[in-house]
Amino acid sequence: MDTMTATTPAATANTAATASHAEGLGDESSIWFKLSPLLKSDDNPMAVLMRMSQKYGGAISINMGNQRILLLSEPDNFKHVLVSNANNYEKYFDGLRPVFGKSMITHDGALWQKIRMPQQPAFHPAMFDDYVPYFVQAINEKMARWEKLAESGEEFEMVEQTWTLAADMICKALFDRDMPFNPHFIFKCVKTYTDVTNHKSIRLKKNADDDFEVTDASAAKAMETWWEVPDLVLNAEPREHREKTLLKMIEAAVADESIPEFDKQQAEDEFKQYLWAGTETTALTLAWAMYLTSVDPAAADRIRREGEEVIGDRDPTAADYSKLVYTRAVIQETMRLYPPIWGLIRVAVEADEIGGKEVKPGDRVVMFAYGAHHDPRFWDEPEEFRPERWMGDAAKKRQKYTYIPFGGGRRSCIGGAMSQVENTLALSILLRRFKPEYVGEGVPSISATVTLTPRGGLNFKVKNLD
Ligand code: HEM
Numbered sequence: 006m007d008t009m010t011a012t013t014p015a016a017t018a019n020t021a022a023t024a025s026h027a028e029g030l031g032d033e034s035s036i037w038f039k040l041s042p043l044l045k046s047d048d049n050p051m052a053v054l055m056r057m058s059q060k061y062g063g064a065i066s067i068n069m070g071n072q073r074i075l076l077l078s079e080p081d082n083f084k085h086v087l088v089s090n091a092n093n094y095e096k097y098f099d100g101l102r103p104v105f106g107k108s109m110i111t112h113d114g115a116l117w118q119k120i121r122m123p124q125q126p127a128f129h130p131a132m133f134d135d136y137v138p139y140f141v142q143a144i145n146e147k148m149a150r151w152e153k154l155a156e157s158g159e160e161f162e163m164v165e166q167t168w169t170l171a172a173d174m175i176c177k178a179l180f181d182r183d184m185p186f187n188p189h190f191i192f193k194c195v196k197t198y199t200d201v202t203n204h205k206s207i208r209l210k211k212n213a214d215d216d217f218e219v220t221d222a223s224a225a226k227a228m229e230t231w232w233e234v235p236d237l238v239l240n241a242e243p244r245e246h247r248e249k250t251l252l253k254m255i256e257a258a259v260a261d262e263s264i265p266e267f268d269k270q271q272a273e274d275e276f277k278q279y280l281w282a283g284t285e286t287t288a289l290t291l292a293w294a295m296y297l298t299s300v301d302p303a304a305a306d307r308i309r310r311e312g313e314e315v316i317g318d319r320d321p322t323a324a325d326y327s328k329l330v331y332t333r334a335v336i337q338e339t340m341r342l343y344p345p346i347w348g349l350i351r352v353a354v355e356a357d358e359i360g361g362k363e364v365k366p367g368d369r370v371v372m373f374a375y376g377a378h379h380d381p382r383f384w385d386e387p388e389e390f391r392p393e394r395w396m397g398d399a400a401k402k403r404q405k406y407t408y409i410p411f412g413g414g415r416r417s418c419i420g421g422a423m424s425q426v427e428n429t430l431a432l433s434i435l436l437r438r439f440k441p442e443y444v445g446e447g448v449p450s451i452s453a454t455v456t457l458t459p460r461g462g463l464n465f466k467v468k469n470l471d
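All residue numbers for the sequence shown refer to the numbering used here, where the first residue is 6 and numbers rise by one.
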């Protein structure tokens, strides 16, 4: 379905605004622009920030043009910003508003609370029993696709595969819809926009000789397409007319006169938020887990054995999730090595001090999650893939805030626990039926923009194990 041509009046009216927003991500005033020189590297852009943290400590003040950035990599400093003095640190979303609109992830204070509250029950673990059958349906549909890939022996890109799976799981379980859009096309549009380091203004300044891939016009066009998606979801035929879904909770919030802020536009923006924040992150984790287990066949076999013992030949249930101890540890270890959100960003409201460094109002604070996840003070052999570190007593004794794939404090990820159920079940089921083989050249390089992605993707072939 090519929605690029189906432009609504709302989208057309917003095009001018988008063009300026499209510049925002790679604009000189954007933190993404300011960080981009530090994130340029041939294979691991995180290495520069790691070296800086090791050399200068857990709180580093960096002056970039007229903007001060505080780079934090010490767990106590994460706690300060996320919990102890959270009121002083607001969310930073400049340039990302076209993707998220005014969804809850972009708000602070009382308004954020009003928007989050009516949706929170959809993510309570008690709901997972309801969701698991729909996750499994989406996984089964993905298996049918992989059967064909196994038959033809063709190469494919793993993140594309896991992203469509993550989106289908959310549409089925949370919205009671089959995915009413072409995910490959839609997510390409989002990626066009969020691939910050390719934005025109950055590339013009930093890489004058390169061809640029993302122009303002293409980014604006990509966002126009993205804005069509909420209506496609809302107007699609419900699969089963279920009453207890996130979509129903959002509709009830729109109808609730006591929260006038939760209007129709808010509802549409919430959909955008879930379809991006709730899918790319989950997809990256599963794709990296496929890579790590394909180069560690013993880990893949252990996952298969655990699946046979715990689930056998029946359909999995939510109760199986907690028994898939090793598979779940693989997912946790994957998010340690490759945290999809490598850095959390806030803006300081008032003056403060962190780790002995002065904070001025307006300073951008970057919490370097990847740095803490790879710090040898907290992890033995931090670069090694060792799922076992998540099993048994060692995991319980770990220092707090050394591992923050879902953020922390009151603004931590609403869907974190659910994503672990999705990914644990998907990894278990897919690996029992298939042998995915990474066919890329050498260890994949990473690219750090808003998310941590494999540069150029993760190329795979898949074999049927039956
Ligand atoms: C592996 C999967 C995921 C990862 C690594 C992840 C990561 C994160 C992180 C780090 C934050 C906090 C950002 C900050 O403090 O600046 C966040 C917030 C959020 N995530 Fe996730 N996420 C994942 C899956 C999901 C899923 C499945 C959903 C929903 C379907 C979701 C929806 C959200 C929302 C709505 C917020 C904003 C919460 C708020 O501001 O109150 N995420 N996520």
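Ideal Cβ positions, reconstructed from N, Cα and C, are used throughout, including at glycine.
Only a predicted model underlies this, so the values are computations on that prediction, with no experimental measurement involved.
Using only CA atoms, which one of the options lies nearest to residue i?
i, options, result
"F276", "R247, V371, W231", "W231"
"D268", "V104, P188, K119", "K119"
"F98", "A91, S108, L54", "S108"
"S424", "R244, L75, L170", "L170"
"H112", "V352, G70, G312", "V352"
"R102", "L40, E229, L44, A91", "E229"
"P138", "S450, E427, G461, K468", "E427"
"Y443", "R382, G158, G414", "G158"
"V364", "S66, S41, S58, V53", "S66"
"S417", "G283, S452, L237", "G283"
"D337", "W395, E152, W384, I346", "The sequence shown places Gln at residue 337, rather than the Asp named in the question. That would be W395, whose Cα lies nearest to the Cα of Q337."
"S89", "L297, R415, K226", "R415"
"L470", "F128, R244, A131, D306", "D306"
"E389", "M174, S41, L297, I264", "L297"
"R247", "D135, P381, V195, Q59", "D135"
"P410", "A422, A399, W151, Y61", "A422"
"M57", "G70, S41, L77, V315", "L77"
Would residue i pass as a contact of residue j if the rule is Cβ separation under 8 Å?
i, j, result
"W293", "Y343", "yes"
"F133", "A323", "yes"
"G348", "M372", "yes"
"M163", "L432", "no"
"L289", "T458", "yes"
"M474", "F465", "The requested residue 474 is not part of the displayed model; the chain covers only 6 to 471."
"M148", "R438", "yes"
"L43", "T167", "no"
"L116", "E266", "yes"
"Y408", "F83", "no"
"M122", "A143", "no"
"V234", "V104", "no"
"L329", "E313", "no"
Going by DSSP, what residue range makes up the beta strand (DSSP E) through residue i?
i, result
"L252", "Run containing L252: none in the beta strand (DSSP E); it sits in the alpha helix (DSSP H), 251-260."
"I409", "Careful: I409 lies outside any beta strand (DSSP E) and carries neither H nor E."
"L54", "From DSSP, L54 is part of no beta strand (DSSP E) but of the alpha helix (DSSP H) over 51-61."
"N71", "Run containing N71: none; DSSP gives neither H nor E here."
"K119", "Unbroken run through K119 is the alpha helix (DSSP H), 114-121; no beta strand (DSSP E)."
"Y97", "It is not in any beta strand (DSSP E) - Y97 carries neither H nor E in the DSSP assignment."
"T454", "Premise fails: T454 is in no beta strand (DSSP E) and is neither H nor E."
"N443", "Just to set this straight, residue 443 is Tyr in the shown sequence, not Asn. Counting along the chain, the beta strand (DSSP E) containing Y443 begins and ends at 439-443."
"K362", "362-364"
Would you mind reading off the limits of the alpha helix (DSSP H) that contains residue i?
i, result
"S299", "285-299"
"R351", "Unbroken run through R351 is the beta strand (DSSP E), 348-353; no alpha helix (DSSP H)."
"P138", "133-157"
"L44", "L44 -> no alpha helix (DSSP H), and no H or E assigned at all."
"D173", "163-180"
"F465", "That residue, F465, is in no alpha helix (DSSP H); its beta strand (DSSP E) goes 464-469."
"F276", "269-282"
Ignore the nearest five residues each way along the sequence and tell me which others in residue i's own chain have a CB closer than 7 Å to its CB.
i, result
"E79", "G63, A64, G360"
"M55", "G376, H379"
"F180", "V238, T250, L251, L252"
"V259", "F267, D268, K269, A272"
"H85", "I359"
"D325", "V315, I316"
Rounded C-beta distance between residue i and residue j? I'm assuming under 8 Å.
i, j, result
"I350", "R369", "6 Å"
"S299", "P392", "The Cβ separation is near 14 Å, so there is no contact."
"A178", "L280", "Going by Cβ atoms, the distance from A178 to L280 rounds to 13 Å, so no, they are not a contact pair."
"E165", "H189", "6 Å"
"S223", "T197", "6 Å"
"G420", "D274", "At roughly 16 Å, the Cβ-Cβ gap does not stay under 8 Å, so G420 and D274 are not in contact."
"T454", "E285", "Actually they are not in contact, since the Cβ atoms of T454 and E285 sit about 11 Å apart, beyond 8 Å."
"K362", "L75", "6 Å"
Going by beta carbon distance, what residues of the same chain come within less than 8 Å of residue i, once the five residues before and after it are set aside?
i, result
"V141", "D320, P321, L430, I434"
"V448", "D48"
"E256", "A272"
"V354", "N92, N93, Y94, E95, P366"
"L154", "F161, K466, V467"
"R244", "K177, D181, R182, D183"
Using a Cβ-Cβ distance cut-off of 8 Å, determine whether residue i contacts chain B.
i, result
"P366", "No chain B appears in this structure, which consists of one protein chain only."
Excluding the 5 residues preceding and the 5 following residue i in the sequence, name in chain order all residues of the same chain whose CB lies nearer than 6 Å to its CB.
i, result
"A241", "R182, P185"
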